[in-house]
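Colleague:
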Ligand SMILES: Cc1cc2nc3c(=O)[nH]c(=O)nc-3n(C[C@H](O)[C@H](O)[C@H](O)COP(=O)(O)O)c2cc1C
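Residue numbers (our numbering): 75 to 302.
1) Ignore the nearest five residues each way along the sequence and tell me which others in residue 88's own chain have a CB closer than 6 Å to its CB.
2) Tell me whether the beta-carbon of residue 279 lies closer than 9 Å to the beta-carbon of residue 159.
3) Is residue 123 helix, strand or coil by DSSP?
4) For residue 179, I'd like the list of residues in its chain whose CB is within less than 7 Å of its CB, leaving aside the five on either flank, ordered along the chain.
5) In the DSSP assignment, the alpha helix (DSSP H) including residue 25 goes from what residue to what residue?
6) Say the cut is 8 Å; is the CB of residue 97 nearer than that to a heavy atom of ligand 1?
7) Hey, would you say the C-beta of residue 303 is under 8 Å away from at least one heavy atom of ligand 1?
8) Short check: CB of residue 272 to CB of residue 202, under 9 Å?
9) Can the beta-carbon of residue 228 be found less than 9 Å from the beta-carbon of residue 284?
10) Span of the alpha helix (DSSP H) holding residue 158?
11) Out of 120, 231 and 153, which one is the CA nearest neighbour of residue 182?
12) Output the distance between the C-alpha atoms of residue 108 and residue 224, rounded to the nearest integer angstrom.
13) Less than 8 Å between C-beta atoms, sequence neighbours within five positions excluded: which residues of the same chain meet that for residue 207?
14) For residue 266, collect the residues of the same chain with a Cβ closer than 7 Å to its Cβ; drop the 5 residues on either side in sequence, then sort them by chain order.
15) Applying the 10 Å Cβ sphere with the 16-neighbour rule, what's the burial state of residue 162?
16) Would you say residue 189 and residue 95 are within 9 Å of each other, going by their C-beta atoms?
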């Protein structure tokens with residue numbers, strides 16, 4: 075993680091990019107992308123992820139980022155957790171990205187498009203509208219037990235970052251619980267997508283920025299906590 079980055083703002087402004095400039099990657103670009111990959115911290119160091127760039131253009135992107143990864147809950151969470159940190163690091167370097175479940179390179183659960191973003195064209199606007207990417211579930215849907223009225227601003231910001239996480243078809247198949255002023259629980263439907271790990275990465279990155287440190291722990295099947 076890059077301690078200089080404003081993850082809270084990056085998370086608030088990130089959108090899936092589905093239109094890109096024609097931009098073949100240079101050696102300098104590849105180094106830039108490699109440094110974004112290297113900045114991601116693992117949740118479980120025992121799960122190796124060797125991220126690669128495939129020279130495949132999807133929706134005009136310059137490349138596809140992917141890693142071989144198994145399909146257990148821990149592996150998918152790890153894929154999303156590290157992948158989303160890379161997405162945020164790429165965004166800070168002016169790259170556009172979109173998680174892509176439709177393109178699964180051999181052995182990977184999904185890929186991430188990378189390119190220099192362009193003004194959205196009709197096709198990208200249509201896909202964005204169909205997936206209703208600009209919407210997020212209501213607080214009532216995401217917090218079945220509610221949010222204590224006297225919650226500190228830092229807690230609310232971490233929850234907002236988790237809520238803004240991207241997910242396949244914008245399903246947002248997770249719910250949140252406030253465990254204390256400095257700890258939240260995230261319950262997610264792991265399925266075949268890395269959504270839960272993506273959500274945890276957003277919460278962890280914001281908590282780390284605001285509090286200087288954060289810890290992510292597995293509490294049980296599909297249930298994790300983020301504390302700071
Ligand atoms: C695991 C995953 C798979 C996705 N697959 C696709 C895809 O195949 N095609 C696509 O256009 N968008 C895909 N998306 C992007 C989501 O539709 C998008 O994140 C969601 O609608 C929220 O919009 P936002 O990212 O702009 O906030 C995927 C996102 C995730 C996290």
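Note that CB positions come from ideal geometry on N, CA and C, so glycine has one too. Note that this is a predicted model, so its numbers are computed, not measured.
Modeller: Walking through what the data contain:
1) By one-based count along the chain shown, residue 88 stands at place 14. If we look at residue 88 and ignore the five residues flanking it on each side, its Cβ neighbours are 165.
2) In the chain shown, residue 279 corresponds to position 205, counting from 1. In the chain shown, residue 159 corresponds to position 85, counting from 1. Yes. Within cutoff.
3) As a working note, residue 123 is residue 49 in the chain shown. Looking at residue 123 - three-state DSSP - the assignment turns out to be coil, as it is neither helix nor strand.
4) For the purposes of this step, residue 179 is taken as residue 105 along the chain shown, with counting starting at 1. Excluding residues within five positions, the ones whose Cβ falls inside 7 Å are 128, 138, 140 and 185.
5) As displayed, the chain neither begins before 75 nor continues past 302, which places residue 25 out of reach and without an answer.
6) The residue you call residue 97 lines up with position 23 of the chain shown. Every heavy atom of ligand 1 is 8 Å or more from the Cβ of residue 97, so no.
7) Because the chain spans 75 through 302 in this model, residue 303 falls outside it and cannot be assessed.
8) Numbered from 1 along the chain shown, position 198 holds the residue referred to as residue 272. Numbered from 1 along the chain shown, position 128 holds the residue referred to as residue 202. No, Cβ-Cβ distance for residue 272 and residue 202 is not below 9 Å.
9) Counted from its first residue, the chain shown places residue 228 at position 154. Counted from its first residue, the chain shown places residue 284 at position 210. Cβ atoms of residue 228 and residue 284: closer than 9 Å.
10) Working through the chain shown from its first residue, we reach residue 158 at position 84. Looking at the DSSP string, the run of the alpha helix (DSSP H) that includes residue 158 is 147-166.
11) Taking the chain shown and counting its residues from 1, the one referred to as residue 182 is at position 108. It is 153.
12) On the chain shown, residue 108 is found 34 positions in, with the first residue counted as 1. On the chain shown, residue 224 is found 150 positions in, with the first residue counted as 1. Distance between the alpha carbons of residue 108 and residue 224: 42 Å.
13) Mapped onto the chain shown, residue 207 falls at position 133. Excluding sequence neighbours, residue 207 sits near 89, 90, 240 and 244.
14) Residue numbering aside, residue 266 sits at position 192 when the chain shown is read from its first letter. Closer than 7 Å at the Cβ level, and outside the excluded window around residue 266, lie 145 and 183.
15) Within the chain shown, numbered from 1, the residue matching residue 162 stands at position 88. Residue 162 is buried by the Cβ-count criterion.
16) Reading the chain shown from its first residue, position 115 is the one you call residue 189. Reading the chain shown from its first residue, position 21 is the one you call residue 95. Yes, the Cβ-Cβ distance between residue 189 and residue 95 is below 9 Å.
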